[in-house]
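One structure is given here, and the rest of the page talks about it.
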Amino acid sequence: MDYSFDFSLILANYPVLLRGLVVTLELWVPCFVVGLLVGFGLALARLSRHAWLRLPSLGYIELFRDTPVLIQLIWFFYAFPIIAGVQLSPFLAACLGLTLNTSAYCAEIFRGGIQSITRGQWEGARALGMRHSVILRRIILPQVIRRMLPALTNRGIELGKVTSLASVLTVHELMYQGRLLSSTYYRPLEMLSTVALVYFVLIYPGSYLSMRLETRLARRG
Amino acid sequence: MPYEWDFSAVFQHFDMLLVGLRNTIEIALVSIVCGIGLGLVLAFMRLSSRRLLKFPATAFIEFYRNTPPIIHFFWFFYALPVLMNISLDPFSAAVLALSTQSGAFYAEVFRGGIVSIESGQWEGCKALGMRHSQAMRRIILPQAVARMMPPFVERSFELTKTTALASTLAYADLLYQAMQVNSETYRPLEVYTTIAVMYLLLLLTASALARVAEHRLTAYGRA
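Protein chains in written order, with our numbering: chain A, 1 to 221; chain B, 1 to 223.
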């Protein structure tokens with residue numbers, strides 16, 4: 001093994017990677033926020049008494065959870081414009097795919113959380129004359145949020161990793177920039193290793209937080 | 001103007017998609033088997049009391065859990081050959097990426113299952129005069145395996161979905177074949193919708209099989 005590493009190219013090109021990092025964050029944060037909101041709506045629909053709300057949301061959740069996310073991104077970039085009649089930019093297609101994908105997973109977390117509250121709580125609140133939405137807001141959600149935090153943090157981490165797939169649609173995020181540099185300079189080892197390291201530094205704090213939340217939750221019982 | 005769906009192009013090239021499906025299943029199975037082997041080694045290293053074993057396993061697992069899979073694919077395909085002065089075909093690079101990654105996740109599944117067994121069981125074994133390895137094999141593992149099943153199945157599904165990334169290395173999996181069909185027929189909507197349904201059916205079938213397997217593995221608990 002007599003390969004000589006040359007990391008000077010990384011230092012010379014760090015603005016390229018930095019720009020990729022910014023785009024990664026631009027994908028990550030908005031998609032997660034919107035995904036959480038859509039996911040919450042889906043979870044409520046999934047738990048609804050009305051079949052016309054429950055069945056479509058069930059189908060949606062299963063469809064997005066049981067197909068590879070890369071296919072979803074490609075579908076939104078190449079196939080969706082044909083039905084919709086509008087051409088999406090790679091960034092928008094990636095945003096749409098990532099948001100809908102993560103919303104399906106968030107919906108399952110919310111549903112699990114809401115269902116983990118015993119029925120007695122619902123009955124008690126109803127006996128006090130509260131409406132469904134009031135019970136949810138005042139009684140159920142405050143108890144559930146803390147329980148769901150580790151799982152939701154985990155979801156955020158997964159989404160952060162999945163944003164790298166946007167590179168396949170030529171979105172100029174971190175992974176794409178890394179591939180660009182590695183093919184420009186024929187230095188895949190240094191470039192790809194650096195990109196991997198940047199992702200690790202970006203994602204590990206979230207992982208650590210989720211682990212801490214989980215142990216704290218376990219201790220409280 | 002409503003779009004007119006036309007699946008005839010897809011059906012004409014359906015044999016190509018079937019080849020892709022077979023390759024997807026093949027790479028998933030090979031990677032699951034390799035991943036289980038690696039995961040077992042990593043789990044026992046991490047459970048060991050020797051820091052020399054524990055630390056590398058923890059670092060490996062944390063690295064893989066906190067970096068995106070696509071970077072592993074590219075790293076094994078483009079970077080590893082430079083480092084080792086070898087060349088890898090797309091299949092080997094993809095299997096390496098998938099099985100190291102799933103190995104890291106499986107290791108946590110195995111470790112979690114073993115750790116979840118109450119310490120009283122270990123103490124009971126010791127009181128009966130069993131050695132550590134005997135207790136593990138006879139008492140702990142049989143119980144832990146049942147608890148590992150649900151997360152194990154979930155990880156295997158994740159891995160099967162991740163195989164789609166092998167298409168970026170030009171491995172002829174289902175997605176790659178679909179891209180080929182698409183470039184011949186210019187029917188992206190039909191082609192990509194068809195393979196999405198194929199993946200869905202593959203995973204639904206696998207999940208039905210997994211439920212049967214799980215039911216059998218945990219049978220003694222219900223008896």
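We treat Cβ as the ideally placed atom computed from N, Cα and C, and that holds for glycine.
Worksheet entry | Any chain A beta carbon closer than 9 Å to Thr-193(B) | Counting from 1 along the second sequence, the entry for residue 193(B) is found at position 193. So yes, Thr-193(B) belongs to the interface.
Worksheet item: In terms of alpha-carbon separation, which member of Asp-6(A), Ala-107(A), Phe-7(A) and Ile-139(A) lies closest to Leu-47(A)?
Response: Residue numbering aside, residue 47(A) sits at position 47 when the first sequence is read from its first letter. When each option's Cα is compared against that of Leu-47(A), the closest is Ala-107(A).
Worksheet item: Relative to the C-alpha of Ala-218(A), which residue among Arg-147(A), Leu-98(A), Ser-207(A) and Thr-99(A) is closest?
Response: Counting from 1 along the first sequence, the entry for residue 218(A) is found at position 218. For Ala-218(A), the nearest C-alpha among the options comes from Arg-147(A).
Worksheet item: Tyr-157(A): buried (16+ other C-beta within 10 angstroms of its C-beta) or exposed?
Response: Counting from one through the first sequence, the residue named residue 157(A) turns up at place 157. Checking the displayed sequence, the identity of residue 157(A) turns out to be Ile instead of Tyr. A residue is called buried once 16 or more other Cβ atoms fall within 10 Å of its Cβ, and Ile-157(A) is buried on that count.
Worksheet item: When you compare each of Met-148(B), Phe-74(B) and Ile-25(B) to Arg-187(A) by their alpha carbons, which one comes out closest?
Response: The count along the first sequence starts at 1 and reaches residue 187(A) at position 187. Of Met-148(B), Phe-74(B) and Ile-25(B), the residue nearest in Cα terms is Phe-74(B).
Item to complete: Can you grab the Cα-Cα spacing for the pair Pro-151(B) / Val-109(B), in whole Å?
Response: For the purposes of this step, residue 151(B) is taken as the residue at position 151 of the second sequence. For the purposes of this step, residue 109(B) is taken as the residue at position 109 of the second sequence. Computed Cα separation, rounded: 6 Å.
Practice prompt. Along the alpha helix (DSSP H) that carries Arg-179(A), what are the first and last residues, could you check?
Written response: Taking the first residue of the first sequence as 1, we reach residue 179(A) at position 179. It spans 174–185 - the alpha helix (DSSP H) in which Arg-179(A) sits, taken as one unbroken run.
Discussion item. Pop quiz: Thr-58(B) and Arg-46(B) are said to be a contact at Cβ under 8 Å. What is the actual Cβ separation, rounded to whole angstroms?
Written reply: Within the second sequence, numbered from 1, the residue matching residue 58(B) stands at position 58. Within the second sequence, numbered from 1, the residue matching residue 46(B) stands at position 46. Right, the Cβ-Cβ distance comes to about 6 Å (below 8 Å), so this counts as a contact.
Item to complete: Thinking Asn-13(A) and Leu-189(A) are a contact (beta carbons under 8 Å), I'd like their distance in whole angstroms, please.
Response: On the first sequence, residue 13(A) is found 13 positions in, with the first residue counted as 1. On the first sequence, residue 189(A) is found 189 positions in, with the first residue counted as 1. The pair is not a contact, with the Cβ atoms about 15 Å apart (cut-off 8 Å).
Discussion item. I need the straight-line Cα distance from Phe-110(A) to Trp-122(A), nearest angstrom please.
Written reply: Within the first sequence, the letter at position 110 stands for residue 110(A). Within the first sequence, the letter at position 122 stands for residue 122(A). Spanning the two alpha carbons is a distance of roughly 16 Å.
Worksheet item: Alpha carbon to alpha carbon, how far is Met-130(B) from Pro-142(B)?
Response: For the purposes of this step, residue 130(B) is taken as residue 130 along the second sequence, with counting starting at 1. For the purposes of this step, residue 142(B) is taken as residue 142 along the second sequence, with counting starting at 1. Approximately 16 Å between the Cα atoms of the pair.
Worksheet item: So what's Ile-117(B) in DSSP terms, helix, strand or just coil?
Response: Mapped onto the second sequence, residue 117(B) falls at position 117. Ile-117(B): coil per DSSP, three-state reduction.
Discussion item. Do Phe-105(B) and Ala-166(B) have their beta-carbon atoms positioned less than 9 Å apart in this structure?
Written reply: By 1-based counting over the second sequence, the position of residue 166(B) is 166. By 1-based counting over the second sequence, the position of residue 105(B) is 105. Contact: no.
Item to complete: Run down chain A in chain order and give the residues with a C-beta less than 7 Å from the C-beta of Arg-65(B).
Response: Residue numbering aside, residue 65(B) sits at position 65 when the second sequence is read from its first letter. Chain A residues near Arg-65(B): Ser-207.
Worksheet entry | Any alpha helix (DSSP H) of 4 or more consecutive residues that is wholly inside the stretch 40–69 of chain B | 51–65
Worksheet item: Is the CB of Arg-216(A) under 9 Å away from at least one CB in chain B?
Response: Position 216 of the first sequence, counted from the first residue, corresponds to residue 216(A). Chain B contact via Cβ: absent.
Worksheet item: Just the Cα atoms here: how many angstroms apart are Val-197(B) and Leu-169(A)?
Response: Counting from one through the second sequence, the residue named residue 197(B) turns up at place 197. Counting from one through the first sequence, the residue named residue 169(A) turns up at place 169. Computed Cα separation, rounded: 21 Å.
Worksheet entry | Chain-ordered chain B contacts of Leu-37(A) [CB-CB under 7 Å] | The count along the first sequence starts at 1 and reaches residue 37(A) at position 37. None at all; the shortest Cβ gap to chain B is about 24 Å.
Discussion item. Tell me the residue span of the alpha helix (DSSP H) that contains Ala-79(A).
Written reply: Locating residue 79(A) in the first sequence gives position 79, where the first residue counts as 1. Neither: Ala-79(A) is in no alpha helix (DSSP H) and is coded neither H nor E.
Discussion item. Let me check understanding here. Comparing Cα to Cα, which of Gly-59(A), Ser-8(A) and Ala-125(A) lies closest to Ile-139(A)?
Written reply: Along the first sequence, one-based indexing puts residue 139(A) at 139. Selected option, being the one with the closest Cα: Ala-125(A).
Worksheet item: Of all the CB atoms in chain B, is at least one closer than 9 Å to the CB of Tyr-60(A)?
Response: Translated into the one-based positions of the first sequence, residue 60(A) becomes position 60. Not closer than 9 Å to any Cβ of chain B, the Cβ of Tyr-60(A) fails to qualify, so no.
Worksheet item: Within the 9 Å Cβ cut-off, does Arg-19(A) reach chain B?
Response: One-based indexing of the first sequence puts residue 19(A) at position 19. Arg-19(A) does not count as touching chain B.
Discussion item. Beta carbons nearer than 7 Å to chain A: which residues of the stretch 178–207 of chain B have them?
Written reply: Pro-188, Leu-189, Tyr-192, Thr-193, Ile-195, Ala-196, Tyr-199, Leu-200, Leu-203 and Leu-204
Worksheet item: Within 10 angstroms of its Cβ, does Gln-87(A) collect 16 or more other Cβ (buried), or is it exposed?
Response: Locating residue 87(A) in the first sequence gives position 87, counting from the first residue. It counts as exposed.
Item to complete: Just the chain A side, please: which residues come within less than 7 Å of Ala-164(B) by C-beta, in chain order?
Response: Taking the first residue of the second sequence as position 1, residue 164(B) is located at position 164. In chain order: Pro-68, Leu-70 and Ile-71.
Discussion item. Cβ closer than 7 Å: which chain B residues qualify as neighbours of Ile-109(A)?
Written reply: Within the first sequence, the letter at position 109 stands for residue 109(A). Near Ile-109(A) there are no residues of chain B at all, since even the closest Cβ is about 14 Å away, more than 7 Å.
Worksheet item: Do you know how far the Cα of Leu-128(A) is from the Cα of Ile-25(B)?
Response: One-based indexing of the second sequence puts residue 25(B) at position 25. One-based indexing of the first sequence puts residue 128(A) at position 128. Rounded to whole angstroms, Ile-25(B) to Leu-128(A) spans 55 Å at the Cα level.
Worksheet item: Should Met-148(A) be flagged as near chain B, meaning a C-beta pair shorter than 9 Å?
Response: The count along the first sequence starts at 1 and reaches residue 148(A) at position 148. For Met-148(A), the answer is no, since every Cβ of chain B falls outside 9 Å of its Cβ.
Discussion item. Using a Cβ distance threshold of 8 Å, determine whether the stretch 82–98 of chain A contacts the stretch 167–184 of chain B, with at least three qualifying pairs required.
Written reply: These segments do not touch.
Worksheet item: For Asn-13(A), does the three-state DSSP call read helix, strand or coil?
Response: Within the first sequence, the letter at position 13 stands for residue 13(A). The answer is coil: DSSP assigns Asn-13(A) none of H, G, I, E or B.
Worksheet item: Got a sec: is the Cβ-Cβ distance from Ile-157(A) to anything in chain B below 9 Å?
Response: Within the first sequence, the letter at position 157 stands for residue 157(A). Judged by the 9 Å Cβ criterion, Ile-157(A) is in contact with chain B.
Worksheet item: Using 9 Å as the limit for Cβ to Cβ distance, is Trp-75(B) near chain A?
Response: Here the question's residue 75(B) lines up with position 75 in the second sequence. Yes, Trp-75(B) counts as interfacial toward chain A.
Discussion item. Let me check understanding here. Comparing Cα to Cα, which of Phe-76(B), Leu-201(B) and Gly-112(B) lies closest to Met-149(B)?
Written reply: Counting from one through the second sequence, the residue named residue 149(B) turns up at place 149. Of the listed residues, the one whose Cα sits closest to Met-149(B) is Gly-112(B).
Worksheet item: Going along chain A, which residues have a C-beta under 7 Å from Thr-168(B)?
Response: Against the second sequence, residue 168(B) aligns to sequence position 168. Ordered by position in chain A, the residues that pass the 7 Å Cβ test against Thr-168(B) are Val-168.
Item to complete: Consider the Cβ of Ala-157(B): report whether some Cβ of chain A lies at a distance smaller than 9 Å.
Response: The count along the second sequence starts at 1 and reaches residue 157(B) at position 157. Note on identity: in this sequence residue 157(B) is Phe, with Ala being the wrong assignment. Yes, its Cβ sits closer than 9 Å to a Cβ of chain A.
Item to complete: Please list the residues of the stretch 182–207 of chain A that have a C-beta atom closer than 7 Å to any C-beta atom in chain B, keeping them in chain order.
Response: Ser-182, Pro-188, Leu-189, Leu-192, Ser-193, Val-195, Ala-196, Tyr-199, Phe-200, Ile-203, Tyr-204 and Ser-207
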